[in-house]
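**Q** Pasting in a structure now, in structure tokens, and then I'll have a few things to ask.
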Amino acid sequence: MAVKEEEVFKGLLPVIGVGTVVILVFAGLVRAFAMGRRVYEDGQYLVSVRYPGQWHGLRDFVQPGNP
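Per full-length UniProt numbering, the sequence shown starts with residue 1, numbered consecutively.
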């Protein structure tokens with residue numbers, strides 16, 4: 001019985017490993033492409049802060065009283 005369980009585990013291990021790598025690579029690519037992107041619109045720089053496709057004005061993050 002233990003031998004069958006070990007065989008099932010050994011069969012699932014590569015699938016789980018490949019799935020994890022695919023997810024991590026996809027997340028890394030999304031993060032890398034979104035971090036360096038800026039959009040210039042109507043004299044203002046817009047930056048992607050949290051979620052892809054959501055752009056915020058750079059001046060919204062400037063706090064003169066809190067350096």
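Where is the CB? At the ideal position from N, CA and C, for every residue including glycine.
Computed from a predicted model, the values in this text were never measured in an experiment.
Assuming Q44 and G65 are in contact, meaning their beta carbons sit under 8 Å apart, how far apart are those beta carbons, in whole angstroms?
**A** Contact flag wrong, Cβ pair sits at about 21 Å.
**Q** Compare the beta carbon distance of P52 and V22 with 8 Å and say whether it is the shorter of the two.
**A** No.
**Q** Could you pull the DSSP bridge partners for Q63 from this structure?
**A** None, per the DSSP bridge assignment.
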